[in-house]
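Student: Sharing a structure with you now.
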Amino acid sequence: MLEEIIYSNKDDFEIIKELKQEIKKYTSNLEKEAQGKQFFIKYTKKMDEFITIVFKFVLKKMFGYYRPNINSLPITLTAMGSYGRVQLSLYSDIDIMIVYRDIPGYNIKEIIENFITLLWDLGLQIGHRVHKIDELFEVSKKDIMIKTPILESRYIYGSKYLWVEIQNELKKIRLYNQKEFVLTRYKMLQENHKKYPLSMEPNIKNGFGGMRDANTMFWIANVIYGINHNAELAGILFTEEEYREYRNALEFIFRVRTHLHIITKSHKDVVLLEYHRDIALKLGYQDKPRLKAERQFIKDLLKSLWTINRFTSINIKKMIRPFLYNPKNISNIQRISKNYYICENKIYINWHCKDSMRESFKILLNDEFQTYDVSLVNLFYHQKVNLTKKQLKNLFKKTHSYPIIKALYKANKLHLIIPAFEKVLYLAQFDGYHQYPVDIHSIKTLYNIENIKYQNIKNVYSNLEKKYKKILKITALFHDLGKGRKEDHHIVGEKLISEFMEYLGFKEEDVKIAKKLVRYHTTMSNIAQREDIDNDKVLLNFANIVQDKLSLDMLYVLTYADMDAVSDGLFNSFKENLITTLYKNTLEVIENKELLLLSTKRSRKEKLLLKNEKFLSLPRLWQKKVLNSPSTQLFLKNSVDEIVKIVTKMYQIKEKYTYEINFNPLTIEIIKKGINFNLGYFLAKLSYLPLRHIAIYKVDDVKYFKMEFEKDYEDEWSISEIIKKAFETDEYSFSNPGIKKEEFKIDCNHSKNYIAVKLQTVDKKGIIAYIIQVMDKYHIDVEDIKISVQKNIVRDILIINKSSNFCEKQEKILGEFK
6 MLEEIIYSNK
16 DDFEIIKELK
26 QEIKKYTSNL
36 EKEAQGKQFF
46 IKYTKKMDEF
56 ITIVFKFVLK
66 KMFGYYRPNI
76 NSLPITLTAM
86 GSYGRVQLSL
96 YSDIDIMIVY
106 RDIPGYNIKE
116 IIENFITLLW
126 DLGLQIGHRV
136 HKIDELFEVS
146 KKDIMIKTPI
156 LESRYIYGSK
166 YLWVEIQNEL
176 KKIRLYNQKE
186 FVLTRYKMLQ
196 ENHKKYPLSM
206 EPNIKNGFGG
216 MRDANTMFWI
226 ANVIYGINHN
236 AELAGILFTE
246 EEYREYRNAL
256 EFIFRVRTHL
266 HIITKSHKDV
276 VLLEYHRDIA
286 LKLGYQDKPR
296 LKAERQFIKD
306 LLKSLWTINR
316 FTSINIKKMI
326 RPFLYNPKNI
336 SNIQRISKNY
346 YICENKIYIN
356 WHCKDSMRES
366 FKILLNDEFQ
376 TYDVSLVNLF
386 YHQKVNLTKK
396 QLKNLFKKTH
406 SYPIIKALYK
416 ANKLHLIIPA
426 FEKVLYLAQF
436 DGYHQYPVDI
446 HSIKTLYNIE
456 NIKYQNIKNV
466 YSNLEKKYKK
476 ILKITALFHD
486 LGKGRKEDHH
496 IVGEKLISEF
506 MEYLGFKEED
516 VKIAKKLVRY
526 HTTMSNIAQR
536 EDIDNDKVLL
546 NFANIVQDKL
556 SLDMLYVLTY
566 ADMDAVSDGL
576 FNSFKENLIT
586 TLYKNTLEVI
596 ENKELLLLST
606 KRSRKEKLLL
616 KNEKFLSLPR
626 LWQKKVLNSP
636 STQLFLKNSV
646 DEIVKIVTKM
656 YQIKEKYTYE
666 INFNPLTIEI
676 IKKGINFNLG
686 YFLAKLSYLP
696 LRHIAIYKVD
706 DVKYFKMEFE
716 KDYEDEWSIS
726 EIIKKAFETD
736 EYSFSNPGIK
746 KEEFKIDCNH
756 SKNYIAVKLQ
766 TVDKKGIIAY
776 IIQVMDKYHI
786 DVEDIKISVQ
796 KNIVRDILII
806 NKSSNFCEKQ
816 EKILGEFK
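Residues are numbered in our numbering as their position in the sequence shown, beginning at 1, plus a constant of 5.
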């Protein structure tokens with residue numbers, strides 16, 4: 006058909022027009038037949054046909070009926086990149102390389118220029134390189150990003166004599182500086198995994214387990230072995246069965262990517278949540294009573310990504326071993342047994358090791374290491390599960406259990422050893438809060454237990470007896486395993502950990518501790534972020550849940566580990582301070598309940614201040630004013646040293662106001678004396694930053710403000726300007742961002758001195774700024790505001806001094822929120 010068009014008697018304009026129509030007709034119908042590898046093959050073959058026809062047409066124009074034999078014309082068209090690998094997808098550029106030999110008798114450059122121009126005129130998205138045959142080798146040496154696509158070159162059309170020469174050049178390119186190419190590609194893959202870690206919105210091209218993993222394995226195998234397909238290494242690096250499992254997973258990724266491009270009508274590679282259902286339905290998934298189509302889809306997608314990563318990481322490491330050898334490491338290598346080695350806290354296994362899992366564990370449980378080489382995954386992957394109960398129990402006795410647990414998971418064996426894990430394998434969490442699926446989150450929680458980053462928490466963990474550390478590790482792994490069922494996951498998890506620990510022979514009292522930790526594993530986090538953690542009733546209720554110091558210690562550590570495993574960067578020093586303060590306050594209640602009353606706590610802090618040398622060095626009149634401050638929160642929220650530091654700054658103020666900005670994370674302290682500060686204006690101007698806490702203290706006519714934000718921010722000049730204008734702006738009115746009066750809960754009996762106002766609403770900019778504006782209008786003294794945002798829901802708590810008569814004015818105040 007296409008041949009008939011270019012060799013018809015029509016003029017060139019009509020021929021080009023018909024070619025363009027044929028290309029448009031084909032590409033407009035592509036979406037109907039887009040399915041995985043078979044589609045790639047068919048689509049690539051069709052693009053080969055279009056490119057060949059266009060080249061033939063150019064030759065017809067240039068030579069007429071005197072066109073030379075195609076093999077005699079020194080031009081060869083080759084495909085590169087995904088086009089060269091026969092993985093061309095919709096909306097991808099069609100990358101070609103035109104190689105020629107500059108023979109004076111031909112107008113080679115004119116032919117090539119006409120060819121490229123016509124491809125673009127026809128609407129084909131062409132990416133191209135043009136090289137003389139003699140410069141290919143030198144060009145490939147300049148940059149690995151050039152060398153890689155050149156190595157993937159695939160013949161499309163043109164001189165086969167020249168193609169033979171190209172293949173000879175490709176062989177030289179493959180053999181040149183293999184070590185640098187292999188190690189650079191390996192490093193780039195590792196960087197990609199860090200940049201695009203596995204999540205519930207995975208990058209299926211460049212991310213963990215994506216197409217780039219498969220490509221990297223091929224590029225390395227191509228350079229080392231000179232192969233054209235990974236399948237050629239079956240029986241050398243891997244078995245036919247292993248390759249089949251990998252190919253099925255890769256085929257699934259191909260199909261997902263094709264449908265992703267169809268749905269988005271663009272070249273996207275991140276499978277965002279909003280696309281999950283559409284892709285699932287296109288792939289043929291159907292809703293089940295307890296499992297939506299998109300849930301089934303994302304589970305299979307995550308499984309495929311893990312399968313690809315396991316297969317490629319094992320086989321890439323097998324291939325590049327000789328290039329990784331460093332004689333300097335010889336002295337650091339410790340042989341712990343035949344086939345088992347530790348180097349710089351990392352476990353390595355001989356690739357030919359045939360030990361059973363039980364034999365392996367006898368060795369692995371006797372030595373400590375903090376990370377593992379993929380050779381351990383390879384060993385576990387090829388083993389049958391035959392652990393004893395004692396070995397499984399002792400696994401959690403190790404200082405570092407995580408490396409073995411993670412290697413077992415990656416080898417697809419963890420759920421066979423701990424059956425409770427099977428239900429949560431690749432189970433996504435679409436709650437707007439967790440970044441990782443349940444299984445990965447649970448394993449990360451265990452990692453955090455063993456690698457605590459905050460000293461207060463680390464000290465508590467270090468002081469636990471060994472058996473309680475073991476229980477805590479099991480709890481970390483089990484705390485969310487009840488998810489994915491109808492019943493509350495806290496209750497299901499309680500049952501699962503009970504069955505597991507009873508199976509391993511733990512004592513009844515130890516099982517009870519573990520059950521309590523799983524049952525209440527979210528309680529401490531919720532209270533710390535959403536409640537007034539200095540309030541009598543809050544602390545007493547929480548103390549009644551934990552009951553004893555041991556349970557509090559363990560829950561404190563578990564809460565940190567769980568929160569820090571939710572999402573990268575979510576847990577920070579601000580959140581650490583929240584749970585640590587709740588821990589310390591609750592510990593006081595458990596150990597000495599008569600200290601519970603706020604007045605008693607304040608009185609105790611006042612007595613300690615009167616023994617503090619720095620406080621006593623302040624003028625007596627100022628000391629008296631501090632002790633008479635109406636701001637009880639100053640004494641409740643801060644340690645004695647912190648109180649002294651704050652009131653000293655307040656005393657030392659010389660100007661009308663002063664401020665201090667810290668950037669990591671952003672914290673702003675403002676002290677003012679005898680001048681109005683428009684806090685509402687200030688907060689409105691910074692509403693684009695995630696605010697998490699405000700403290701406001703008053704001593705005499707000096708007022709102290711402290712605003713704590715969630716993230717780092719380093720634009721000091723802009724913040725300074727906003728502070729300056731907040732002192733100059735008396736009137737600044739802005740509208741309600743959508744807060745409704747029914748979203749407030751008011752506790753006028755929160756404590757003897759304070760009222761608590763709680764707000765739960767959808768997250769919007771300017772919430773706190775508007776609330777402050779209203780409170781200022783009615784002369785309400787807000788002393789403390791805690792802001793918590795989870796799953797796009799704001800839960801704020803405002804602590805208000807009763808002397809402001811808020812409850813008497815509440816109808817008018819709430820009338821401002823409609």
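Ideal Cβ positions, reconstructed from N, Cα and C, are used throughout, including at glycine. Small disclaimer: the values here were computed from a predicted structure and weren't measured.
Under DSSP, the beta strand (DSSP E) around L803 begins and ends at which residues?
Tutor: Segment I798 to N806, the beta strand (DSSP E) holding L803.
Student: Assuming V707 contacts M655 (C-beta within less than 8 Å), just tell me the rounded distance between them.
Tutor: Correct: roughly 5 Å between the Cβ atoms.
Student: When burial is assigned at 16 or more other CB atoms within 10 Å of the CB, is Y759 buried or exposed?
Tutor: It is buried - the Cβ of Y759 has at least 16 other Cβ atoms within 10 Å.
Student: How is G89 classed by DSSP in three states: helix, strand or coil?
Tutor: G89 falls in the helix class under three-state DSSP.
Student: Suppose you measure from the CA of I229 to the CA of I178; what does that come to, to the nearest Å?
Tutor: Going from the Cα of I229 to the Cα of I178 covers about 11 Å.
Student: Using the Cα positions of D786 and S467, report the straight-line distance between them to the nearest angstrom.
Tutor: If you take the alpha carbons of D786 and S467, they lie about 42 Å apart.
Student: Here's the rule I'm using: 16 or more other beta-carbon atoms within 10 Å means buried, otherwise exposed. How should Y693 be labelled?
Tutor: Its Cβ having fewer than 16 others within 10 Å, Y693 is exposed.
Student: Quick one, which of L123, N76 and S97 has its alpha-carbon nearest Y105's?
Tutor: Comparing Cα-Cα distances from Y105 to each of L123, N76 and S97, the minimum goes to N76.
Student: When the Cα atoms are used, what is the spatial distance from K29 to K51?
Tutor: Roughly 12 Å separates the two Cα atoms.
Student: Hey, L671 and Y702: beta-carbon distance below 8 Å or not?
Tutor: No.
Student: So, for I518: in the same chain, excluding its five sequence neighbours on each side, which residues have a beta-carbon less than 8 Å away from its beta-carbon?
Tutor: The answer, listed in chain order, is Y473, I476, L555, S556 and M559.
Student: If you run the structure through DSSP and keep just helix, strand and coil, what is I409?
Tutor: Here I409 sits in helix by DSSP.
Student: Spatial neighbours of F328 within its chain, please: CB distance less than 8 Å, with the 5 preceding and 5 following residues excluded, ordered by chain position.
Tutor: If we look at F328 and ignore the five residues flanking it on each side, its Cβ neighbours are Q183, K184, V187 and L188.
Student: Under the DSSP definition of a beta bridge, which residues are partnered with E23?
Tutor: None, per the DSSP bridge assignment.
Student: Taking C-beta to C-beta, are I658 and L691 nearer than 8 Å?
Tutor: Contact flag unset, no.
Student: What beta strand (DSSP E) runs, 3 residues minimum, are completely inside the region 134-197?
Tutor: Counting only runs of 3 or more, we get 159-163.
Student: Are the beta-carbon atoms belonging to V59 and F120 less than 8 Å from one another?
Tutor: Cβ distance < 8 Å, so V59 and F120 count as in contact.
Student: For the beta strand (DSSP E) that contains T672, what are its first and last residues?
Tutor: First-last of the beta strand (DSSP E) with T672: L671 to K678.
Student: In this structure, does DSSP put Q339 in helix, strand or coil?
Tutor: Q339 falls in the strand class under three-state DSSP.
Student: Using the C-alpha atoms, what's the distance from Y414 back to K428?
Tutor: For K428 and Y414, the distance between alpha carbons rounds to 14 Å.
Student: Tell me, please, whether the CB atom of F682 is closer than 8 Å to any CB atom in chain D?
Tutor: Given the protein chain composition of this structure (a single chain), no chain D is represented.
Student: State the Cα-Cα distance for the pair Y832 and A566, rounded to the nearest angstrom.
Tutor: Only positions 6 to 823 of the chain appear in this structure, which leaves residue 832 out of reach.
Student: Tell me which residues share the same chain as K793 and place their Cβ nearer than 6 Å to its Cβ, disregarding the 5 neighbours each side in the sequence.
Tutor: The sequence shown places Ser at residue 793, rather than the Lys named in the question. Correct list, in chain order: Q534, R535 and R800.
Student: Whose C-alpha, out of A226, S309, Q301 and K287, is nearest the C-alpha of R326?
Tutor: For R326, the nearest C-alpha among the options comes from A226.
Student: What three-state label does DSSP hand A519 in the structure shown?
Tutor: Three-state result, A519: helix.
Student: Taking all protein chains shown into account, decide if Y377 is buried (16 or more other Cβ within 10 angstroms of its Cβ) or exposed.
Tutor: Burial call: buried.
Student: Alpha carbons only, please: which of E713, A689, W311 and D705 is nearest the one belonging to R697?
Tutor: Cα-wise, what sits closest to R697 is E713.
Student: If we ignore side chains and look at the alpha-carbon of each, how far apart do E364 and S380 end up?
Tutor: So the two alpha carbons sit approximately 16 Å from each other.
Student: Roughly how many angstroms lie between the CA atoms of R72 and R159, to the nearest whole one?
Tutor: So the two alpha carbons sit approximately 24 Å from each other.
Student: Along the chain, where does the alpha helix (DSSP H) that runs through R697 open and close?
Tutor: Note, R697: premise wrong, no alpha helix (DSSP H); beta strand (DSSP E) at L696 to V704.
Student: According to DSSP, which residues form a beta bridge with F714?
Tutor: According to DSSP, F714 bridges with L696.
Student: Take the Cβ of K199 as the centre, count every other Cβ of all protein chains shown within 10 Å, and call the residue buried at 16 or more, exposed below.
Tutor: Exposed, by the Cβ-count rule.
Student: Is the beta carbon of H526 less than 8 Å from the beta carbon of H484?
Tutor: Contact flag set, yes.
Student: Can you list, in chain order, the residues of its chain with a C-beta nearer than 7 Å to that of H494? Leave out the 5 residues immediately preceding and following it.
Tutor: Excluding positions up to five away in sequence, the list reads D485, G487 and K488.
Student: Comparing alpha-carbon positions, which option in N334, E736 and A219 lies nearest W311?
Tutor: Measuring from the Cα of W311, the nearest candidate turns out to be A219.
Student: Nearest CA to the CA of V5: which residue from V649, Q396, F316 and V767?
Tutor: Here the chain covers residues 6 to 823 and nothing more, so residue 5 does not appear.
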